[in-house]
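Report on the following structure.
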Amino acid sequence: MSLSPRIIALLLACLISAMTLIFLSFVDGATINILFVAGLSSFAISFFLVLYAIELLVFREVNKMYKTIHKLKIRDFNISRKAIIKNTNPFKKLNDEIFVYVAKKQKEIDELKRLELFRREFLADVSHELKTPIFAAQGFIHTLIDGAVDDERVRDKFLSKAAKSLDGLDALVKDLVALSQLETGEVRMNFERVDLAHVTHEIFEQLEKIAHAKRTSLVLKSTHPGPVWVKADAQRILQVMTNLIENAVKYGNENGHVQVNLEDDKKFVLVSIRDDGPGIPPEHLSRIFERFYRVEKSRSKDRGGTGLGLAIVKHILNAHKSKISVMSKVDKGTTFRFKLERLD
């Protein structure tokens, strides 16, 4: 038989009432009326006190613990920390503390699972990316060893291709090392006074040949003419701007237009790099800053790059306490934006 709070209260009340009557029966002058009133009073008071104690302080909180377990099963981790501090009921406080502890551990487990999945995907991506240039160079070199080295035309052609594959491998390894150092905080930013307008013009000169080949115009627009001073690491911000502008040229349309805007935004300079290329489909926008993520893998590889550029850009800007955002519409173009602290 299962004991409900009322049955337990009834049994305890009967026991207390009986003990009270037995005790009073030994007292001189205790009449039947006195014994009746005392027994009835002790029974009623004991019943309601015990019922209250069991029902409110024990059973109700135990039932809440079962509800808490159910919430944990369905991964509902919503609870107010203030409610725990303000609550004086020890059972409820214990229940809520257990809930918070288990919820925290569950979130840690979920995060570990996510990181483990990320690690497996990263290793698979690295293996794939390393395999391509290694196998290509290996194939060219073995072909030469097998006899093609005697043909001067074939030899020069294959050596050039092998060197190109190894250059790609070197760039990939360097980007992996740079990304790893940025993520672990090994690379420290050397903040100084940097003229963004001058940096942009330098990049335009470096990319002039590529832009000319695609008949793409490069334009700088600034709120004020002359220098645009910001607080930044000169080398790293050059890397960021070069990557974004070069991507705009490479992945833009023929006869395209790439525009860099430098706008005053209170204490910051808002930098935007816009192209009028094919744009990025909406389903890819949330992932383009991931390592090795490419919107169109075949086209991206044909145009060079390691697939780590935007990931490195994101981490460099994070180190500048800035975030990069992207807006894009298919067939309308893409715009990358970030802010840097302005210096007068």
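For the sequence shown, my numbering assigns the number 748 to the initial residue and increments by one for each residue that follows. All C-beta atoms in this analysis are idealised placements derived from N, C-alpha and C, irrespective of residue type, glycine included. These figures come from a predicted structure and were not determined experimentally.
* Express the C-alpha separation of I856 and A850 in angstroms, rounding to a whole number. => The alpha-carbon atoms of A850 and I856 are separated by roughly 10 Å.
* Name the DSSP bridge partner or partners of L965? -> V1005.
* 7 Å Cβ shell around T970 - same chain, five flanking residues per side excluded -> The beta carbon of T970 sits closer than 7 Å to the beta carbons of L1009, E1010, D1011 from its chain, once the five residues preceding and following it are set aside; these are given in chain order.
* Per DSSP, which residues does M1074 bridge with? Please list them. => In the DSSP secondary-structure assignment, M1074 is bridged to T1082.
* Contacting residues, own chain, Cβ-Cβ under 8 Å from F790 (five flanking each side not counted) -> Excluding five sequence positions before and after F790, the CB atoms of its chain that fall closer than 8 Å to its own CB belong to A760, C761, I763, S764, given in chain order.
* How big is the Cα-Cα spacing for Q953 and G915? -> Roughly 20 Å between the two C-alpha positions.
* Measuring alpha carbon to alpha carbon, tell me which of H1062, D1023, S912, L1057 ends up nearest S1075. => Cα-wise, what sits closest to S1075 is D1023.
* Under a three-way DSSP split, which group does D897 fall into? -> Here D897 sits in helix by DSSP.
* Sequence ranges, alpha helix (DSSP H) only - wholly within the segment 937-964, length at least 4 -> Taken in chain order, the unbroken stretches of alpha helix (DSSP H) that lie wholly in the segment 937-964 and span 4 residues or more are 943-953, 955-960.
* Apart from the five residues just before and just after I881, which ones in its own chain have a Cβ nearer than 8 Å to its Cβ? -> Residues of the same chain with a CB within less than 8 Å of the CB of I881, apart from the 5 flanking positions on each side, are S912, L916 in chain order.
* **Inter-residue Cα distance where the pair is K908 and L926** => Roughly 27 Å between the two C-alpha positions.
* To do: Look at the Cβ atom of V1077, then the Cβ atom of I1027, and state whether they are nearer than 9 Å.
  => Their beta carbons are under 9 Å apart, which means V1077 touches I1027 by this criterion.
* Taking the Cβ atom as the reference point for each residue, do G932 and N994 lie within a distance shorter than 9 Å? -> No, the pair does not count as a contact, with Cβ atoms beyond the cut-off.
* In its own chain, which residues sit with a C-beta less than 7 Å from the C-beta of H945, not counting the 5 before and 5 after it? -> Cβ neighbours of H945 beyond the five flanking positions: P974.
* To do: Please go through the segment 748-782 and give each complete alpha helix (DSSP H) segment of 4 or more residues, from N-terminal end onward.
  => Residue ranges of uninterrupted alpha helix (DSSP H) with 4 or more members, entirely inside the segment 748-782 and ordered along the chain, are 752-772.
* Asked: So L985 is in the alpha helix (DSSP H); what residue range does that whole segment cover?
  -> Where L985 is concerned, the enclosing alpha helix (DSSP H) stretches over 981-997.
* To do: Could I get the ranges of all uninterrupted beta strand (DSSP E) runs contained in the segment 881-930, with 3 residues as the minimum, in chain order?
  => Assignment of beta strand (DSSP E) within the segment 881-930, counting only whole runs of 3 or more residues, yields no such run.
* Asked: When the Cα atoms are used, what is the spatial distance from D922 to I1059?
  -> Whole-angstrom Cα-Cα distance: 8 Å.
* Do the CB positions of V941 and V987 come within less than 9 Å of each other? -> Judged by beta-carbon spacing, V987 lies beyond the 9 Å limit of V941, meaning their Cβ atoms are not closer than that value.
* **Status (buried if at least 16 other CB within 10 Å, exposed otherwise) for D893** => With fewer than 16 other Cβ atoms within 10 Å, it is exposed.
* Consult DSSP for S793 and reduce its assignment to one of helix, strand or coil. => Correct three-state label for S793: helix.
* So the alpha helix (DSSP H) V1016 belongs to, where does it begin and stop? -> V1016 -> not in any alpha helix (DSSP H); beta strand (DSSP E) instead, spanning 1015-1022.
* **Rounded Cβ spacing between L798 and P752 (contact assumed at less than 8 Å)** => Indeed they touch by this definition, with Cβ atoms about 6 Å apart.
* Asked: Beta carbon of L1017, beta carbon of I992: below 9 Å?
  -> Cβ atoms of L1017 and I992: not closer than 9 Å.
* **Among G1003, L967, R1084, the one whose alpha carbon lies nearest that of I957** => Among G1003, L967, R1084, the Cα nearest to that of I957 is on G1003.
* Indicate the three-state DSSP secondary structure (helix, strand or coil) for R867 in the structure shown. => Three-state DSSP puts R867 in a helix.
* How long is the line joining the alpha carbons of I888 and F938, rounded to whole angstroms? -> Spanning the alpha carbons of I888 and F938 requires a straight line of approximately 45 Å.
* Asked: To which residues of the same chain is Y998 closer than 6 Å at the C-beta, ignoring the five residues directly before and after it?
  -> When the five nearest sequence neighbours on each side are left out, the beta carbons in the same chain lying within less than 6 Å of the beta carbon of Y998 are those of G1024, in order along the chain.
* Candidates I1063, Y1040, A756, F773, of which the one nearest I792 by Cα -> Ranking the options by Cα distance to I792, first place goes to A756.
* Rounded C-alpha distance that separates S1045 from G1054 -> Interpretation of S1045 is limited by its pLDDT of 46, a score under 50 that renders its predicted location unreliable; the figure taken from the coordinates is listed afterwards. Using only the alpha carbons, I get a separation of about 12 Å.
* Per DSSP, what kind of secondary structure is R1038 in: helix, strand or coil? -> Residue state, collapsed to three classes: coil.
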